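K.L.:
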Amino acid sequence: MAALVLVPGFWLGAWAWEDVARELRSAGHEVHTVTLTGLAERAGEAGPGTGVQAHIADIVRVIEDHGLQDVVLVGHSGANVPVTGAAARIPGRIARLVFVDTAPLPSGMAVIDFNHPATQERWRKEVAEEGDGQWLPVPPFERTGDAHDLAGLTDEHLARLRERCTPQPFATATEGLDLPHGLPAVPSSLVACTFTPGQLRELAASGSPLFAPLAGMDLHHLPTGHWPMFSRPVELAMTLGGLADR
1 MAALVLVPGF
11 WLGAWAWEDV
21 ARELRSAGHE
31 VHTVTLTGLA
41 ERAGEAGPGT
51 GVQAHIADIV
61 RVIEDHGLQD
71 VVLVGHSGAN
81 VPVTGAAARI
91 PGRIARLVFV
101 DTAPLPSGMA
111 VIDFNHPATQ
121 ERWRKEVAEE
131 GDGQWLPVPP
141 FERTGDAHDL
151 AGLTDEHLAR
161 LRERCTPQPF
171 ATATEGLDLP
181 HGLPAVPSSL
191 VACTFTPGQL
201 RELAASGSPL
211 FAPLAGMDLH
221 HLPTGHWPMF
231 SRPVELAMTL
241 GGLADR
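Written out as structure tokens, the structure reads:
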């Protein structure tokens, strides 16, 4: 049976996968949850140079140290870059890449580049003024102005996010991957939450290089906000388990 390695997005640690991992394990799956350098219980391990390559190394280390093969490697949101990089580094160990409400980026593109210019400007200002020049502060997780992304979350979920999230090493948002040979040649799936598969197919067909990685991707729909491991953990676990069972 394939092993699942779950990598959280920005500001999160392995704790974010607790409910999903519990469901998967109860179904008989082997599950490994990852906390990346500089986040959660590893917040004190980051330095000024902690970036994408450090997070790729974290993921590869978990897979190799546990002797895992046929891995279903799952990345949520901003973890799209390091899971892609890990699959490129050890493709023989990866059975499938799964992107949760995110997608692989074209070679050289960083997470910050994918955001609206106003968001990029706000992030850089927050890092300069609140993050000592190297940390992306935790969002306020307030429904006002962010209702779409926060759909499905209870007040308790939001309080937990505010309490447990930690600032993100900013270099992980500003560094892209150099992929001279294109994306890793492993099967890939996308669990869409804030978009529908139809919308993603339209973007893939638009001809924009930005959305080229979506072409031909195996798409699944889990309608909720951007944080399905909290808002719909049982359904997310069922989707991931089904992909692992292939």
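Position 167 (the sequence shown) corresponds to 167 in our numbering; numbering is contiguous.
Even glycine gets a Cβ: it sits at the ideal position worked out from N, Cα and C.
In this text the structure is predicted, and so the values were computed from the model without any measurement.
Quick one: using the 10 Å Cβ neighbour count with 16 as the cut-off for buried, is V81 buried or exposed?
P.N.:
buried
K.L.:
Provide the residue span of the beta strand (DSSP E) that contains T33, from first to last.
P.N.:
30-33
K.L.:
Assign R22 to one of three DSSP states: helix, strand, or coil.
P.N.:
Helix.
K.L.:
Could you check if G225 is buried or exposed, using at least 16 other CB atoms within 10 Å of its CB as the buried criterion?
P.N.:
buried
K.L.:
Go through its chain and collect everything with a Cβ distance to T154's Cβ below 7 angstroms, but skip five positions before and after it.
P.N.:
none
K.L.:
Tell me which residue opens and which closes the beta strand (DSSP E) that D218 is part of.
P.N.:
Run containing D218: 218-221, per the beta strand (DSSP E) assignment.
K.L.:
Among G176, C193, R42, H29, whose alpha-carbon lies nearest the alpha-carbon of V72?
P.N.:
H29
K.L.:
Bridge partners for S188 per DSSP, in chain order?
P.N.:
L97
K.L.:
Let me check understanding here. Comparing Cα to Cα, which of R22, W227, P187, L222 lies closest to A215?
P.N.:
P187
K.L.:
To the nearest angstrom, report how far apart E45 and P233 are at their CA atoms.
P.N.:
29 angstroms
K.L.:
Output the residue ranges of the alpha helix (DSSP H) runs that lie fully inside the segment 99-183 and measure 4 residues or longer, sorted by chain position.
P.N.:
117-130, 155-164, 171-174
K.L.:
Judging by CA-CA distance, which residue of A185, M217, P184, R96 is the nearest neighbour of G198?
P.N.:
M217
K.L.:
Kindly give me the distance between the Cβ atoms of V74 and P228, rounded to whole angstroms, as I take these residues to be in contact under 8 angstroms.
P.N.:
In fact, because the Cβ distance is near 11 angstroms, the residues do not count as touching under 8 angstroms.
K.L.:
Just how far apart, CA to CA, sit G108 and A204?
P.N.:
19 angstroms
K.L.:
Between which two residues does the alpha helix (DSSP H) containing H55 stretch?
P.N.:
Judged by DSSP secondary structure, H55 falls within the alpha helix (DSSP H) whose first and last residues are 52-65.
K.L.:
If you draw a straight line from the alpha carbon of P184 to that of T37, how long is it in whole angstroms?
P.N.:
23 angstroms
K.L.:
In chain order, what residues of the same chain have a beta carbon less than 8 angstroms from the beta carbon of S231, not counting five sequence neighbours either side?
P.N.:
A151, G152, L153, H157, T224, G225
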